[in-house]
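First comes the structure, then the notes that go with it.
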Amino acid sequence: MPSSMPASQPPCSRPIFLLALVLAGLLLASIPAAPLAAEPQPLAADLVEDGQTIDLTQEKYRQLFDELTQKYQFRDDELRSIFQGLTINRTILVLMDKQGEAKPYYSYAPMFITPGNIKTGKEKLQQYKLLLDRIEATFGVNREVIVAIWGVETRYGIRQGKYDLLQTLNTLFAAYPRRSDFYRKQLIDFLLLCRENGIDPHGIKGSSAGAFGQMQFIPSSFRGNAVSFDGDTKRDVWNSVPDVLASIANYLKRANWVFGTPLYADLGYRLNDPQLIAAVDKGRSARLPLDLVRQSQDLELPPSPQDLPVTIVGLDLEPGGPYTKRYVAGYPNFQAITAWNRSNRYAMVICELAEALAR
Numbered sequence: 001m002p003s004s005m006p007a008s009q010p011p012c013s014r015p016i017f018l019l020a021l022v023l024a025g026l027l028l029a030s031i032p033a034a035p036l037a038a039e040p041q042p043l044a045a046d047l048v049e050d051g052q053t054i055d056l057t058q059e060k061y062r063q064l065f066d067e068l069t070q071k072y073q074f075r076d077d078e079l080r081s082i083f084q085g086l087t088i089n090r091t092i093l094v095l096m097d098k099q100g101e102a103k104p105y106y107s108y109a110p111m112f113i114t115p116g117n118i119k120t121g122k123e124k125l126q127q128y129k130l131l132l133d134r135i136e137a138t139f140g141v142n143r144e145v146i147v148a149i150w151g152v153e154t155r156y157g158i159r160q161g162k163y164d165l166l167q168t169l170n171t172l173f174a175a176y177p178r179r180s181d182f183y184r185k186q187l188i189d190f191l192l193l194c195r196e197n198g199i200d201p202h203g204i205k206g207s208s209a210g211a212f213g214q215m216q217f218i219p220s221s222f223r224g225n226a227v228s229f230d231g232d233t234k235r236d237v238w239n240s241v242p243d244v245l246a247s248i249a250n251y252l253k254r255a256n257w258v259f260g261t262p263l264y265a266d267l268g269y270r271l272n273d274p275q276l277i278a279a280v281d282k283g284r285s286a287r288l289p290l291d292l293v294r295q296s297q298d299l300e301l302p303p304s305p306q307d308l309p310v311t312i313v314g315l316d317l318e319p320g321g322p323y324t325k326r327y328v329a330g331y332p333n334f335q336a337i338t339a340w341n342r343s344n345r346y347a348m349v350i351c352e353l354a355e356a357l358a359r
């Protein structure tokens, strides 16, 4: 009897062929798919219009108002007066999205360590010598560093910011998702500091990141560190130089400043130990024993207070020279400056400006 299959194909070949297809499918399914290219995320500023009224009925604001009334005893009419008619400032969002574009140190430092900034800083040291004597005696923080921070932050009080602070904080809370939780806290602290100090929250000017005053505190820093040092009880960081300089000193004292100890030490233009190289890559959180740094770099280095570890910092040098980086060890006082501003570049600028003021 003739077979129904072609004479050239064995009777069992079709099941084997089907099994092979199944196995091939399983094999292909087990191979991870190539990741799809990530869709570019829209910038926060692209999602809103400038001057757009903030919707105070949205859930995040309802929860905020509940906390302000129940936990902090704000009245409903107070909150209506404060928040009514608030709008988005799109410029704030644009500037926040640009903050990650860090300049290399060789172009960053000259923005602040200028002949004019040094000259004015030295004049301020003389002008406020007796005040700085009292501040050093009270807080144990070196005067040149205090004045250097003052100079870098606002050019000794001249540039305190041009953005309405209440609008800035609400813009960032309402329309900057990446840091909305942070600015929610800052908004609450701002309202509390205004109430505690008898300040109208409308009309206070500050930076695009929500900092204000001659030393550019954010609201939580003000509430935790600002002090009155001019004989009254009001913490006036806008107009009172004694309050400004003492508040800077108080912040650094609370960050464990040790008077008269080193800020940093130069390590040269190359690192000799993989542990030091790894520490540079990890940033400000990586700290190494000073003895390890001494031995690996074959250097005599000043002692660290209480033998505390140091930070290893790489500073970009201008292109075209024989080396690409200069390396320094940041001592505990250097680390205290990074508690103020997390950038190692910022801390190094403060150190070098302070050195210039002391000469």
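Just so we're aligned: 231 in the numbering used here is position 231 of the sequence shown, and the numbers increase by one with no gaps anywhere. Glycine included, each C-beta is placed from N, C-alpha and C at the ideal position. Computed from a predicted model, the values in this text were never measured in an experiment.
With 16 other CB atoms within 10 Å as the buried threshold, where does residue i fall?
{"i": "Tyr-269", "result": "exposed"}
{"i": "Met-111", "result": "exposed"}
{"i": "Gln-63", "result": "exposed"}
{"i": "Asp-243", "result": "buried"}
{"i": "Arg-184", "result": "buried"}
{"i": "Thr-171", "result": "buried"}
{"i": "Gly-161", "result": "buried"}
{"i": "Ile-158", "result": "exposed"}
{"i": "Tyr-323", "result": "exposed"}
{"i": "Arg-143", "result": "buried"}
{"i": "Tyr-163", "result": "buried"}
{"i": "Pro-309", "result": "buried"}
{"i": "Gln-127", "result": "exposed"}
{"i": "Leu-193", "result": "buried"}
{"i": "Tyr-72", "result": "exposed"}
{"i": "Gly-85", "result": "exposed"}
{"i": "Gln-297", "result": "buried"}
{"i": "Leu-299", "result": "exposed"}
Could you compute how far the alpha carbon of residue i sits from the alpha carbon of residue j?
{"i": "Glu-136", "j": "Phe-334", "result": "18 Å"}
{"i": "Pro-35", "j": "Glu-78", "result": "A caution first: Pro-35 carries a pLDDT of 46, below 50, which makes its placement in the model unreliable, though a value can still be read off. Cα to Cα, the separation comes out at about 52 Å."}
{"i": "Phe-217", "j": "Thr-114", "result": "23 Å"}
{"i": "Pro-105", "j": "Val-241", "result": "Note that residue 105 is Tyr in the sequence shown, not Pro. Distance between the alpha carbons of Tyr-105 and Val-241: 30 Å."}
{"i": "Ala-279", "j": "Ser-221", "result": "28 Å"}
{"i": "Gln-275", "j": "Leu-263", "result": "21 Å"}
{"i": "Trp-238", "j": "Arg-80", "result": "27 Å"}
{"i": "Ile-350", "j": "Ala-226", "result": "20 Å"}
{"i": "Asp-181", "j": "Gln-58", "result": "15 Å"}
{"i": "Leu-56", "j": "Phe-212", "result": "25 Å"}
{"i": "Gly-321", "j": "Asp-307", "result": "35 Å"}
{"i": "Leu-132", "j": "Pro-289", "result": "33 Å"}
{"i": "Phe-65", "j": "Gly-51", "result": "22 Å"}
{"i": "Gly-231", "j": "Thr-138", "result": "14 Å"}
{"i": "Lys-367", "j": "Val-313", "result": "Residue 367 lies beyond the stretch modelled for the chain, which goes from 1 to 359, so this question has no answer here."}
{"i": "Lys-60", "j": "Ser-343", "result": "31 Å"}
{"i": "Arg-359", "j": "Asp-97", "result": "38 Å"}
Would you check if the distance between the CB atom of residue i and the CB atom of residue j is smaller than 8 Å?
{"i": "Lys-124", "j": "Tyr-156", "result": "yes"}
{"i": "Leu-95", "j": "Ser-208", "result": "yes"}
{"i": "Val-258", "j": "Pro-303", "result": "no"}
{"i": "Leu-353", "j": "Ala-148", "result": "yes"}
{"i": "Ile-199", "j": "Leu-165", "result": "no"}
{"i": "Thr-261", "j": "Arg-287", "result": "no"}
{"i": "Ala-249", "j": "Val-141", "result": "yes"}
{"i": "Arg-254", "j": "Thr-338", "result": "no"}
{"i": "Gln-214", "j": "Thr-154", "result": "yes"}
{"i": "Ala-356", "j": "Gly-330", "result": "no"}
{"i": "Trp-150", "j": "Leu-245", "result": "yes"}
{"i": "Arg-223", "j": "Asp-189", "result": "yes"}
{"i": "Asn-272", "j": "Ala-336", "result": "no"}
{"i": "Val-328", "j": "Leu-252", "result": "no"}
{"i": "Pro-201", "j": "Ile-82", "result": "yes"}
Using a Cβ-Cβ cutoff of less than 7 Å, which residues in the same chain neighbour residue i once the five nearest sequence positions on both sides are dropped?
{"i": "Arg-326", "result": "Tyr-269, Leu-315, Leu-317"}
{"i": "Asn-197", "result": "Lys-234, Arg-235"}
{"i": "Lys-122", "result": "Leu-357"}
{"i": "Pro-305", "result": "Val-258, Thr-261, Pro-332"}
Leaving out five residues on either side along the sequence, give the residues of the same chain with a beta carbon under 6 Å from the beta carbon of residue i.
{"i": "Tyr-108", "result": "Arg-345"}
{"i": "Gly-210", "result": "Thr-168, Leu-169, Gln-186, Ile-218"}
{"i": "Phe-229", "result": "Pro-242, Asp-243, Ala-246"}
{"i": "Ile-277", "result": "Leu-271"}
{"i": "Ile-118", "result": "Ala-356"}
{"i": "Val-145", "result": "Ala-354"}
If you drop the 5 nearest sequence neighbours on each side, which residues of the same chain put their C-beta closer than 8 Å to that of residue i?
{"i": "Val-48", "result": "Ile-88, Arg-90, Leu-93, Ala-175"}
{"i": "Leu-301", "result": "Ala-265, Leu-290, Val-293, Arg-294, Ala-329"}
Consider the C-beta atom of residue i and the heavy atoms of the ligand PLP; say whether any pair is separated by less than 7 Å.
{"i": "Asp-181", "result": "Annotation note on the ligand PLP: not contained in the displayed structure, which lists no ligands."}
Validate contact between the stretch 280 to 295 and the stretch 173 to 189 using beta carbons, cut 8 Å, 3 pairs
no
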